[in-house]
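Student: Would you mind keeping the following structure in view while I ask a few things?
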Amino acid sequence: MSLLDRLRRATGTDDVAGAVARAESEADRLARDVDGEARTHPRYGDGLAHIGELERHLHEIRDDIATVDRHVQIGTVMDWVARVQLRSSPLVSVVLPTRDRAALLPRAVGSVLAQTYPNWELLVVDDASTDDTPTVLAALDDPRIRVLSGTGRGASAARNVALDAAAGELVAYLDDDNRMHPDWLRAVVWAFEQQPATEVVYGAIVIDDLARARGQGGPALPRIGLHRFERAALEHHNLADMGTIAHRRNPSGPRFDETVSGVEDWDLLLQLTGATDALTLPAVALYYESTAPGRLSQHPDVDGEIELVRSKHR
Amino acid sequence: MIKQRALARLRRWAGADALAERLDALEARLGELGAAQRASAAEHARFDAGLEHHGELERHLHEIRDHVATVERHVQVGTVMDWIARAELRTSPLISVVLPSRNRATLLPRAIDTVLAQSYPHWELLVVDDASTDDTTGVLAGLDDARIRTFTGPGRGVCAARNVAIDAARGEVIAYLDDDNRMHPEWLRSVAWAFEQQPDTQVLYGAFVVDDIRRVQREGSGELPRLFLHRWDRTALERHNLADIGAMAHRAGLPEAHFDEALREMGDWDLLLRLTTEATPLVLPAVACYYESHAVDRLSAGPTRVVDADRVRNKVR
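One line per chain: the protein sequences are V and A, in this order.
Under this note's numbering, the first residue of the first sequence is numbered 1, with each subsequent residue one higher.
Under this note's numbering, the first residue of the second sequence is numbered 1001, with each subsequent residue one higher.
Here it is as structure tokens:
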């Protein structure tokens, strides 16, 4: 044995070298493990991303089902309202502004005359029509109908004329190109009777052709619409058409903003729900036809108005 | 100096320096690997959390599936009711309607009217006046339909009163109504049709509408009318009731069709449990009754609720 070998053995250098070599191969093995694991990470990461996507789908589906549920509940509530015995019979003022729709107006008025709830007054505001509207109005002979003259400054100003003259405890609305569901006023009275703390309700709308109503072409078939009330959503977009809204009448308001003429329903609902939530009433309020010419919700400056309303209630 | 230089040469000669370098390198490498391992562990923790979340999603999915099944049953109610309204019945069994009442003289006529308004004519109504002290006697004396029979109950509660009517019933089928509820005009026709369709069915329950379920469950108020039609599940029934008494019907003469007179409020739940020990009930997607939560002294809001629930549960345990 050489002197060097003897020296190595005496100082233990050989043992140390062996241990270092073993540790090195151990480190190699560890490195392979860590590497192998890292290669699986993208796969898990993809899996996680996929789970996130599933979660979004799940939320969408949940919303869809909630919507279908609301639609099914419409049948239940309307059936209930049709059979229930009302405990009160408040006067309901129906506000109906009109201009140059002599051909359509009788149909709208007829849908109020056909209400199963009898204690209403209909305030028709003729907003400076130049067609045969005065003749149509003169021919109406139900004492519950009151004809008022508008100022010719648009539907919002005309509705304010009606609000100033209204005597009802409750206020409902109708536009001249729509038709009210025969049980709507009954449903409104029942809802306010059931829920004394409620200030404003809105019901469901049936639209013959939603695509055409939105100016997106068509044709489509009638569909029912009833949004869940959520103030944050309302601050972003409208949730209810004019004819589906009803509220208690207060001396302090509401008033229609006369600078708004296409999204005044949205502005009204925002005014009425500043302090309390609206009740979503699962009952059909009106039938909305998209075939009438000159519909206000299609007028050219509607985008500018949307911005105006958003900024008012921000 | 000389000694140190000799030592250094000796170290090199014995390979100790090279070993020291390898040890340094190894240390650095292990440090890196350690960091990589910790990073990997953190990733794994994230994946594990994600997987746990996956379990939660699965639960949500089951809830959604149940919800869809419920909505589907509710939609089917419309289909079945439309069918029944147009179907031609081949039989016309007598249906006995059991209606116990106590001190509800103002509500009772409304309940009775909903039986008189049935589109199916072949019924008998057994009204049991359970020792009323108000004008109930006068109300009952004013009824003049030959199909109505009135009885006097022993004043021992609604269960004993219902047993009086069951013992006197002449019908092939028994249905129920409570004095504060209203029967759907097509309900008896639906019952006749269902038992005709399914000769082996002994028991069924239909849908019921509740005006404000929150008030009924004493959790405030403010809910709007909702339809209830629970799917049949014996295990669920052992935990809680699935149908209001006004939504239940069964063939007459069943030995189990007897109310436990020790119960005040939950006789209906107990009845459904007894009737379905052997038999599976038919879930009939048709509205049976309208339940109003406004009536005063509702039994389901009474003081014996907890005691009753315990008694019923103990029986099936």
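C-beta atoms are modelled at their ideal positions from N, C-alpha and C, and glycine is treated no differently.
What residues in its chain sit with their C-beta under 6 Å from that of Leu239(V), if we drop five residues either side in the sequence?
Tutor: Closer than 6 Å at Cβ, skipping near neighbours: His227.
Student: Go ahead and label Met1001(A) buried or exposed: buried means 16 or more other beta carbons lie within 10 angstroms of its beta carbon, across all protein chains shown.
Tutor: The residue is exposed, with fewer than 16 neighbouring Cβ atoms inside 10 Å.
Student: At the level of alpha carbons, what is the spacing between Ile61(V) and Val1071(A)?
Tutor: Spanning the two alpha carbons is a distance of roughly 13 Å.
Student: Kindly list, in the order they appear in chain A, the residues whose Cβ is closer than 8 Å to that of Val68(V).
Tutor: What Val68(V) touches in chain A: Val1071.
Student: Identify every run of the alpha helix (DSSP H) within the stretch 1099-1153 of chain A, keeping only runs that are complete inside it and at least 4 residues long; order them along the chain.
Tutor: List check, alpha helix (DSSP H) in window: 1108-1116, 1136-1141.
Student: Along the chain, which unbroken stretches of the alpha helix (DSSP H) at least 4 residues long are found entirely within the stretch 1225-1295 of chain A?
Tutor: Runs of the alpha helix (DSSP H) inside the stretch 1225-1295 of chain A: 1234-1239, 1267-1275.
Student: Below 7 Å on C-beta distance, what does Leu30(V) contact in chain A?
Tutor: Going along chain A in sequence order, the residues near Leu30(V) (Cβ under 7 Å) are Leu1033.
Student: Just verifying my parser: in three-state terms, what is the DSSP assignment at Leu269(V)?
Tutor: Helix at Leu269(V).
Student: Go ahead and pull the three-state DSSP assignment for Arg1318(A).
Tutor: Outside the shown range of chain A, which is 1001 to 1317, sits residue 1318(A), and nothing can be said about it.
Student: By the criterion of Cβ-Cβ separation under 7 Å, what are the contact partners of Leu1023(A) in chain V?
Tutor: Correct list: Val20.
Student: So, for Glu258(V): in the same chain, excluding its five sequence neighbours on each side, which residues have a beta-carbon less than 8 Å away from its beta-carbon?
Tutor: Excluding positions up to five away in sequence, the list reads Arg153, Gly154, Ser156, Ala157, Asn160.
Student: Are the C-beta of Leu185(V) and some C-beta of chain A separated by less than 8 Å?
Tutor: No, Leu185(V) lies away from the interface with chain A (no Cβ there is under 8 Å from its Cβ).
Student: With 8 Å set as the bound, which would you pick, yes or no: does the beta-carbon of Pro1285(A) sit closer than that to a beta-carbon of chain V?
Tutor: No, Pro1285(A) does not count as interfacial toward chain V.
Student: Taking the beta strand (DSSP E) that Glu121(V) falls in, what are its first and last residues?
Tutor: Where Glu121(V) is concerned, the enclosing beta strand (DSSP E) stretches over 120-126.
Student: With 16 as the cutoff for other CB atoms within 10 Å, does Pro219(V) come out buried or exposed?
Tutor: The residue in question, Pro219(V), is exposed, as its Cβ has fewer than 16 Cβ neighbours within 10 Å.
Student: For Val1173(A) and Ala1249(A), which I take to be in contact (beta-carbon distance under 8 Å), what is that distance rounded to the nearest angstrom?
Tutor: 6 Å between Cβ atoms; contact.
Student: Taking Cβ positions only, does Leu170(V) come closer than 8 Å to chain A?
Tutor: Closer than 8 Å: no.
Student: What are the residues that DSSP puts in a beta bridge with Val147(V)?
Tutor: Answer is Val124(V).
Student: Output the distance between the C-alpha atoms of Arg1313(A) and Ala275(V), rounded to the nearest integer angstrom.
Tutor: Roughly 46 Å separates the two Cα atoms.
Student: Looking at C-alpha atoms only, which residue of Asp1244(A), Ala1236(A), Trp1193(A) is the closest neighbour of Ile1213(A)?
Tutor: Measuring from the Cα of Ile1213(A), the nearest candidate turns out to be Asp1244(A).
Student: What span of residues does the beta strand (DSSP E) with Leu279(V) cover, start to end?
Tutor: Run containing Leu279(V): 279-288, per the beta strand (DSSP E) assignment.
Student: Does DSSP classify Thr116(V) as helix, strand or coil?
Tutor: Coil, per DSSP.
Student: Classify Asn250(V) as buried or exposed, calling it buried when 16 or more other Cβ atoms lie within 10 Å of its own Cβ.
Tutor: Classification of Asn250(V): exposed, given that the 10 Å Cβ count is below 16.
Student: In terms of residues, what are the limits of the beta strand (DSSP E) holding His181(V)?
Tutor: Neither: His181(V) is in no beta strand (DSSP E) and is coded neither H nor E.
Student: Of the choices Thr291(V), His181(V), Arg314(V), whose alpha-carbon is the least far from that of Val112(V)?
Tutor: Nearest C-alpha to Val112(V): His181(V).
Student: Taking C-beta pairs closer than 9 Å, name the residues in chain V that Gly1050(A) reaches, listed in chain order.
Tutor: Within 9 Å Cβ-Cβ: Tyr44, Gly47, Leu48, Ile51, Gly52.
Student: Check the C-beta distance from Arg1264(A) over to Asp1179(A) and give it rounded, since I have them as a contact under 8 Å.
Tutor: Incorrect: roughly 15 Å between the Cβ atoms, too far for contact.
Student: Are the C-beta atoms of Gln216(V) and some chain A residue less than 8 Å apart?
Tutor: No, because no Cβ of chain A sits closer than 8 Å to the Cβ of Gln216(V).
Student: Can you round the beta-carbon distance between Ala21(V) and Gly1015(A) to whole angstroms, since I take them to be within the 8 Å contact cut?
Tutor: Going by Cβ atoms, the distance from Ala21(V) to Gly1015(A) rounds to 12 Å, so no, they are not a contact pair.
Student: Taking Phe1208(A) as part of the beta strand (DSSP E), name the residues at either end of that continuous run.
Tutor: It spans 1203-1210 - the beta strand (DSSP E) in which Phe1208(A) sits, taken as one unbroken run.
Student: Assuming the contact rule is C-beta atoms closer than 8 Å, His313(V) and Leu270(V) should be a hit. Round their C-beta distance to whole Å, please.
Tutor: The pair is a contact, with the Cβ atoms about 4 Å apart (cut-off 8 Å).
Student: Which residues, taken in chain order from the stretch 1165-1185 of chain A, show a beta carbon closer than 8 Å to some beta carbon of chain V?
Tutor: Listed by position along the chain: Arg1182.
Student: Suppose the cutoff is 6 Å on Cβ atoms and the five residues either side in sequence are ignored; what does the same chain contact list for Ala213(V) look like?
Tutor: Within the same chain, Ala213(V) has close Cβ partners Ile207, Ser290.
Student: Excluding five sequence neighbours on each side, which residues of the same chain lie with their C-beta closer than 7 Å to the C-beta of Asp1145(A)?
Tutor: Contacts found: Leu1116.
Student: Of all the options Ala1141(A), Ser1119(A), Asp1134(A), which has the alpha carbon lying nearest to the alpha carbon of Val1127(A)?
Tutor: Selected option, being the one with the closest Cα: Ala1141(A).
Student: Identify whether Leu1030(A) lies in helix, strand or coil by the three-state DSSP scheme.
Tutor: Note: Leu1030(A) maps to helix in three-state DSSP.
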